[in-house]
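Written out below as C-alpha cells is the structure these notes cover.
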Amino acid sequence: MLNQQWLQTFVTLIEVGHFTLTAKKLFMTQPGVSQHIKKLEEQVGVSLILRQGKRFELTEAGSILYQHAREYRQAETELLARLQTDEPNIGECRFGCSGAIASLLYPHFLERQIQYPGLNVMLEAAPNQRIVSGILNNQLDVGIVTKRTDDAELSYQAIGYAELALVLPSQYQSMPLDKERLEHIGFIDHPDGQYYLQQVLRANFGDAEATLNARGSKRHASGIAQQIPRRGYVNQLNQILLPVAKGIGFTVLPLSTVNAFIPRESLWAVELEQKVQESLYLVHKNTRPLPSRFEAFIDLAIRLIANESQLKSLS
Numbered sequence: 001m002l003n004q005q006w007l008q009t010f011v012t013l014i015e016v017g018h019f020t021l022t023a024k025k026l027f028m029t030q031p032g033v034s035q036h037i038k039k040l041e042e043q044v045g046v047s048l049i050l051r052q053g054k055r056f057e058l059t060e061a062g063s064i065l066y067q068h069a070r071e072y073r074q075a076e077t078e079l080l081a082r083l084q085t086d087e088p089n090i091g092e093c094r095f096g097c098s099g100a101i102a103s104l105l106y107p108h109f110l111e112r113q114i115q116y117p118g119l120n121v122m123l124e125a126a127p128n129q130r131i132v133s134g135i136l137n138n139q140l141d142v143g144i145v146t147k148r149t150d151d152a153e154l155s156y157q158a159i160g161y162a163e164l165a166l167v168l169p170s171q172y173q174s175m176p177l178d179k180e181r182l183e184h185i186g187f188i189d190h191p192d193g194q195y196y197l198q199q200v201l202r203a204n205f206g207d208a209e210a211t212l213n214a215r216g217s218k219r220h221a222s223g224i225a226q227q228i229p230r231r232g233y234v235n236q237l238n239q240i241l242l243p244v245a246k247g248i249g250f251t252v253l254p255l256s257t258v259n260a261f262i263p264r265e266s267l268w269a270v271e272l273e274q275k276v277q278e279s280l281y282l283v284h285k286n287t288r289p290l291p292s293r294f295e296a297f298i299d300l301a302i303r304l305i306a307n308e309s310q311l312k313s314l315s
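Residue 1 is where the sequence shown starts when you use the UniProt record's numbering, and the numbers rise one by one after that.
The following block contains the structure:
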C-alpha cells in the first residue's frame, strides 16, 4: 500500500507547482518535501518527476500516479458524503423470502427501482433457515419468513399469512383421499416442502377428530410424512407444480402459487377440513438499523401481503 503521507506531498507538489510553496502549505521544510518524493519514488520503483532547475516535469509514471491519486481522493470524498447522508431513493436493498412471496413482491419492487434508478434491488428466494442465516451474516438486510427464532439479534413483525394447499394431480379428484393414497402418489419436494407437508398433515391427521376426509388416518403427522416416498425435488417455484400437473406426485405450496399456475385445471387443491395458514414475519437485525431506503419497500410488502391475505379470507 502506498504511503499516504508521501502521496499527499506528491499531489500537493503537482498542484502547487513549486517545492518551497508546497513546504509552506504542508508546514514542512523544502528538504522534507524532497525527501517524501524520493521515498515515494523508491516505493513505486520509478521516477515520478524530472527536475529542471527550479522547475520540474512529471514523468509518464508520475502522470499516472497523479491521476490515480485524484480519482482516489474524489471517490473518498463521495464515500464520506454518502456515509453522512441517508438517501431514501439511493442504495442497495437485499431481501430474502420464499419463492411464492418473491413472485408477489418482485414485480412491484422492480417498478420502484425503475422509478428511482439509484436503487439496486436484490431478492433471494430461499427457505426460512437460509434467510435467517443470511441476515445474521449481513448477506441480507430484510427477510420474510414463516417461523420465528429465539435469536436476540433479530426483530420480527407479523405482517400477514399464507394459506397452504395440498395439491394433487386432477385425475385423483374423484378418488377417496387417505394416507395410503398419498403414499401411493408420492411427494414432490422443494426447499420448504417437508415443513409445509408436516404442517398440513399435523393439522389434518394429528388427532382422532381431525381427518382429511371420511377415511382419514389418525397417524401422527411426522410419522406419515416419513412414510411418504419422494417422487422428485425442484427448487424453482415456477417448476414445482409441473410434475404434479403431469401426474408424477403431489406437493404442498401456498394457495396463491397454486392459483397462479397454468393450466390450473390439471391440479386439484384439496379442500382441507382444517385449513393451514402460515404466519408471515418481517425479520431484520435489531442491532443494525435499516437505512431510510427500506421504508417504502417494507410498506409496499406489508400492503401487498395484507391484500393477498384479505383476498384469501373472502374466497
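Quick reminder that beta carbons are idealized off the backbone N, C-alpha and C, glycines included.
Model, not experiment: these values are computed from the prediction.
Judged by DSSP secondary structure, Gly99 falls outside any beta strand (DSSP E) and instead within the alpha helix (DSSP H) spanning Gly99 to Gln115. Taking 8 Å as the cut-off, the beta carbon of Ile135 is found closer than this to the beta carbon of His284. An exposed status is given to Phe27, since fewer than 16 other beta-carbon atoms sit within 10 Å of its beta-carbon.
One thing to note: Leu168 has its Cβ no nearer than 8 Å to the Cβ of Phe261. Per DSSP, reduced to three states, the secondary structure at Val234 is coil, with no helix or strand assignment.
About 12 Å separates the CB atoms of Ala296 and Leu105; that is not less than 8 Å, and the two are not in contact. Residue environment analysis places Thr77 among the exposed positions, since fewer than 16 neighbouring C-beta atoms fall within 10 angstroms of its C-beta. DSSP lists Ser279 as the bridge partner or partners of Tyr161. Boundaries for Leu26: no alpha helix (DSSP H) harbours it, and the DSSP string shows neither H nor E there. Less than 8 Å divides the Cβ of Leu164 from the Cβ of Val276. In this structure Leu282 touches Ile144 by the C-beta definition: roughly 6 Å separates them, less than 8 Å. Residue burial annotation: Thr22 is buried, with at least 16 other C-beta atoms found within 10 angstroms of its C-beta. Secondary structure of Lys39 (DSSP, three-state): helix.
DSSP places Ala306 within a helical segment (H, G or I) once states are collapsed to three.
In this structure Glu124 is in contact with Gly96, their Cβ atoms being roughly 5 Å apart against a cut-off of 8 Å. With three or more CB-CB distances shorter than 8 Å, the stretch 44-51 counts as touching the stretch 60-73. Within a 10 Å sphere around the beta-carbon of Lys246 sit fewer than 16 other beta-carbons, which makes this residue exposed. Cα atoms of Glu87 and Leu290: separation of roughly 12 Å, rounded to the nearest angstrom.
It is roughly 11 Å from the alpha-carbon of Leu197 to the alpha-carbon of Asn204. Residue environment for Asp150: exposed (fewer than 16 other C-beta atoms within 10 angstroms of its C-beta). Shown here for Leu267: same chain residues with a beta carbon closer than 8 Å to its own, the five before and five after excluded, namely Val167, Leu168, Pro169, Ser170, Leu241, Val244, Ala245, Val258 and Phe261 in chain order.
Rounded to the nearest angstrom, the Cβ distance from Lys25 to Val16 is 6 Å, consistent with a contact under 8 Å. For Glu57, the closest alpha carbon among the candidates Leu110, His18, Ile131 and Glu92 is that of His18. Residues Glu153 of the same chain have their beta carbon placed closer than 7 Å to that of Thr287, with the five preceding and five following residues left out of the count. The alpha carbon of Glu278 has as its nearest neighbour, out of Arg264, Leu253 and Asp299, the alpha carbon of Leu253.
For Ser63, the three-state secondary structure derived from DSSP is helix.
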